[in-house]
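Undergrad: Starting off with a structure, shown below.
2 protein chains.
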Amino acid sequence: MAFDRLIDSIIRMQNPTVAGLDPKLDYVPASIKDACFEKYGKTLEGAAAALLAFNKAIIDEIYDVVPAIKPQAAYYEMYGWQGVKALAETIAYAQSKGMFVITDGKRNDIGTTMEAYATAHLGTTDIAGESVAAFGADALTVNGYLGTDGIKPLAQVCAAQDKGIFVLVKTSNPSSGELQDMKLENGVTVYEQMGRMCEGWGADLMGKYGYSAVGAVVGATYPEQLAEMREKAPHTFFLVPGYGAQGGGAQDAKNAFDKNGLGAIINSSRGIMCAWKKQGLTEEDFAQAARTEALRMKEDILNTIGEIKYKV
Amino acid sequence: MAFDRLIDSIIRMQNPTVAGLDPKLDYVPASIKDACFEKYGKTLEGAAAALLAFNKAIIDEIYDVVPAIKPQAAYYEMYGWQGVKALAETIAYAQSKGMFVITDGKRNDIGTTMEAYATAHLGTTDIAGESVAAFGADALTVNGYLGTDGIKPLAQVCAAQDKGIFVLVKTSNPSSGELQDMKLENGVTVYEQMGRMCEGWGADLMGKYGYSAVGAVVGATYPEQLAEMREKAPHTFFLVPGYGAQGGGAQDAKNAFDKNGLGAIINSSRGIMCAWKKQGLTEEDFAQAARTEALRMKEDILNTIGEIKYKV
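Same order as they appear, the protein sequences are chains A and B.
Quick note on the numbering used here: the first sequence kicks off at 8 and runs consecutively.
Quick note on the numbering used here: the second sequence kicks off at 8 and runs consecutively.
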């Protein structure tokens, strides 16, 4: 139920972090690209094959120490349907290694259409009686601007199929405050209002750790708001971007956690994918460097929050 | 520039409407489905082939009388990467017939990632020096919850490549008011604030008709807000969902237009795709029925707004 499977893994691995897999072709070493271009040409198909090989190599190095990956849909869509195929194959490969997969798609729409997104990314599609998982991730990021009927279809899939969603509350980017920080007449900010809505949407979808299937995205780049929302949305599990390349540190991310060291998972994307650069290695060492960085990040976070106390 | 190409077609065809192509497998006649399942089995590939054949048949019937299509990404993603391939092929086919294509994806993210979405849906992807259009639509719907740096990368592509975006302002669904209608401390509603941001984002991207490349989604199901926003966002071109199946009529949609009958395009999805039901025809007549409904809808809208006065 809810994020229980993810939290189980976080406790077992003592690692509340997720590796963002947002692979630009620029990040992929020449040896992989050359092989793919030789086979498929400098085409979307060739690019997609390179991304998939890159992702698999990183997953192979980290699956035993990192509980989850977060592929960002935009970087796959950039390479056409061929890239989207690589997304589907990345999801399946990570799951085959026991990882929890959060598709970062920030999807949103009216009710009937949101049903289609829920089916696409978390559920199963009916094809004349045959039931097929189109993408089959474990969780999806969504945007709650359309209100309850843009969220309910997801909540139903979460309840029926043991999945979760993360609703954008306070995003990590510089201009996030333009709308999100504005004060409403009722005295709360837009992001706080969104957090309240998350608590409401999740009320019937509670998991064994006290967190519901309706999580929230709250950026590490705004540590005060992160602390505020941790207190005000006590049943909402946080996906926290902004650590590393975007400027957030472990002390910032610390505010996302409860007193047991639970309640959040911290993402790093470029920090993991491009770790070889900081480690003075060559691009061919990207996967091993990703593991080294994943372990360093784990220690960095654990040093600030202490041991994750729940036992499974 | 901006929506000039679209408005040129609207004036030439005297038709300010767009056909939403959100093809569920249930909408596709048995003859098409059976042929596709025979060839590919009851698989995502078979379903995607059926959707594409359905779309092409509708496009063939309407391209000379309707200026644009709006495929809804969710209904393609529901059928996996195979469905997303059908989306790409639908876009290319409609453009080959001279239609303007609005991909309804409601994408949103932080700046660096939004660049990837802009590249994916409107721009061209660089593959080791080769420039390839991944999806290559003419416009994209987006969600502005993340503020300026989630919009600027799109504005750049719009300026460089003659494309447009539609930002969600006041959506057509029943719960849209939960956040969007809340009043801010500055006395305006959240949707009005978003409309103001659209006017700002579009200021440097003005087209020859006085509308910028940054449009807005405002639902026909809220005619008062539609009239309000037409007045308050005079340079923002509106994409108006909610006509037909969602309950909005021509008198509601009328509020989206300026005194010249410009400024908006009205969408119908299920009304067009499932027109044979209302016309007492069989499902095999879906394409001809779609044309009949498209022409009826055009007359319905034109009867309320009068002739579109601009001449090209």
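No residue lacks a Cβ here, since even glycine has one placed at the ideal position from N, Cα and C.
Could you give the uninterrupted runs of the alpha helix (DSSP H) lying entirely in the stretch 186-258 of chain B, keeping only those of 4 residues or more?
TA: The stretch 186-258 of chain B contains these whole alpha helix (DSSP H) runs: 197-209, 230-239.
Undergrad: Could you list the residues in the stretch 167-197 of chain B with a C-beta less than 8 Å from some C-beta on chain A, going in chain order?
TA: From the stretch 167-197 of chain B, only L175, T178, S179, N180, P181, S182, S183, G184, E185, L186, Q187, M189, K190, L191, E192, N193, V197 have a Cβ closer than 8 Å to chain A.
Undergrad: Which word fits R352(A), buried or exposed, when buried means at least 16 other C-beta atoms lie within 10 angstroms of its C-beta?
TA: Since the displayed chain A opens at 8 and closes at 319, residue 352(A) lies outside it and no answer follows.
Undergrad: Quick check: what's the CA-CA separation for G251(A) versus N180(A)?
TA: Taking the straight line joining both Cα atoms gives about 13 Å.
Undergrad: Between G278(B) and chain A, is any beta-carbon pair separated by less than 8 Å?
TA: Cβ-Cβ to chain A under 8 Å: no for G278(B).
Undergrad: Going by DSSP in three states, K40(A) sits in which element: helix, strand or coil?
TA: It is helical.
Undergrad: From I76(A) to K215(B), what distance separates their C-alpha atoms?
TA: Between I76(A) and K215(B), the C-alpha separation is close to 46 Å.
Undergrad: Using only CA atoms, which one of K159(B), C165(B), Q187(B), N150(B) lies nearest to T155(A)?
TA: It is Q187(B).
Undergrad: Just verifying my parser: in three-state terms, what is the DSSP assignment at Q163(A)?
TA: The answer is helix: DSSP assigns Q163(A) an H, G or I state.
Undergrad: Ends of the alpha helix (DSSP H) at E52(B)?
TA: Here the alpha helix (DSSP H) through E52(B) covers 51-69.
Undergrad: Under 7 Å between beta-carbons, which chain A residues line up against D116(B)? List them in chain order, please.
TA: Chain A residues near D116(B): A81, K113.
Undergrad: Using Cβ-Cβ distances below 9 Å, what residues of the stretch 230-246 of chain B are close to chain A?
TA: Per Cβ criterion, the list is empty.
Undergrad: To the nearest angstrom, how far is it from the Cα of Q163(A) to the Cα of A135(B)?
TA: Distance between the alpha carbons of Q163(A) and A135(B): 43 Å.
Undergrad: Would K77(A) pass as an interface residue toward chain B - the criterion being a Cβ-Cβ separation below 8 Å?
TA: K77(A) does not count as touching chain B.
Undergrad: Give the single residue among G202(A), N267(A), T148(A), F245(A) whose Cα lies nearest to the Cα of K316(A).
TA: When only C-alpha atoms are compared, the closest one is N267(A).
Undergrad: Scan the stretch 134-165 of chain B for residues whose Cβ lies nearer than 8 Å to a Cβ of chain A and list them as they occur along the chain.
TA: Under the 8 Å Cβ criterion, the stretch 134-165 of chain B contributes I134, A135, G136, E137, V139, A141, F142, N150, G151, Y152, L153, G154, T155, D156, G157.
Undergrad: Give me, in chain order, the residues of the same chain whose beta-carbon lies closer than 7 Å to that of T131(B); leave out the 5 immediate sequence neighbours on both sides.
TA: Correct list, in chain order: S138, V139, A140.
Undergrad: Count the other CB atoms, across all protein chains shown, that sit within 10 Å of the CB of S219(A); report buried if there are 16 or more and exposed otherwise.
TA: Classification of S219(A): buried, given that the 10 Å Cβ count is 16 or more.
Undergrad: Looking only at DSSP bridge pairs, what is K285(A) linked to?
TA: According to DSSP, which records beta bridges pairwise, K285(A) is partnered with nothing at all.
Undergrad: I'd like to know whether the C-beta atoms of V224(B) and T148(B) end up nearer to each other than 8 Å.
TA: Yes. Within cutoff.
Undergrad: Taking only beta-carbon atoms, is T299(A) less than 8 Å away from chain B?
TA: It does not: the Cβ of T299(A) has no partner Cβ on chain B nearer than 8 Å.
Undergrad: Comparing alpha-carbon positions, which option in F10(A), Y82(A), E45(A) lies nearest R277(A)?
TA: Minimum Cα distance to R277(A) is reached at Y82(A).
Undergrad: Could you check if D41(A) is buried or exposed, using at least 16 other CB atoms within 10 Å of its CB as the buried criterion?
TA: With fewer than 16 other Cβ atoms within 10 Å, it is exposed.
Undergrad: Would DSSP call S275(B) helix, strand or coil?
TA: Three-state DSSP puts S275(B) in a strand.
Undergrad: Could you give the distance in angstroms between the alpha-carbon of I158(A) and the alpha-carbon of K113(B)?
TA: Roughly 15 Å between the two C-alpha positions.
Undergrad: Check for me: the beta strand (DSSP E) holding F293(A) runs from which residue to which?
TA: Note, F293(A): premise wrong, no beta strand (DSSP E); alpha helix (DSSP H) at 293-312.
Undergrad: Which of the three DSSP states, helix, strand or coil, is assigned to A146(A)?
TA: Correct three-state label for A146(A): strand.
Undergrad: Using the Cα positions of V319(A) and R237(A), report the straight-line distance between them to the nearest angstrom.
TA: In this prediction, V319(A) scores a pLDDT of 48, lower than 50, which makes its location untrustworthy; the coordinate-derived value is nonetheless stated afterwards. The alpha-carbon atoms of V319(A) and R237(A) are separated by roughly 23 Å.
Undergrad: Which bits of chain A does V91(B) rub up against, with CB to CB less than 7 Å?
TA: Within chain A, the residues near V91(B) are W88, V91.
Undergrad: What's the gap between the Cα of S182(A) and the Cα of P78(A)?
TA: C-alpha separation (whole angstroms): 23 Å.
Undergrad: Taking all protein chains shown into account, do 16 or more other C-beta atoms lie within 10 angstroms of the C-beta of E52(A), making it buried, or fewer, making it exposed?
TA: That one is buried.
Undergrad: Got a sec: is the Cβ-Cβ distance from V319(B) to anything in chain A below 8 Å?
TA: A caution first: V319(B) carries a pLDDT of 48, below 50, which makes its placement in the model unreliable, though a value can still be read off. Answer no: the Cβ-Cβ gap between V319(B) and chain A never drops below 8 Å.
Undergrad: Would you say T406(A) faces chain B, with C-beta separation under 8 Å as the test?
TA: Residue 406(A) is absent from the structure shown; chain A starts at 8 and stops at 319.
Undergrad: Tell me whether P230(A) is buried or exposed, calling it buried when 16 or more other Cβ atoms sit within 10 Å of its Cβ.
TA: The residue in question, P230(A), is buried, as its Cβ has 16 or more Cβ neighbours within 10 Å.
Undergrad: With distance defined between alpha-carbon atoms, name the residue in A166(A), L94(A), Y152(A), P74(A) nearest to M8(A).
TA: If we check each option's Cα against that of M8(A), A166(A) comes out closest.
Undergrad: Rounding to the nearest angstrom, what Cα-Cα distance links F293(B) and M280(B) in this structure?
TA: The alpha-carbon atoms of F293(B) and M280(B) are separated by roughly 7 Å.
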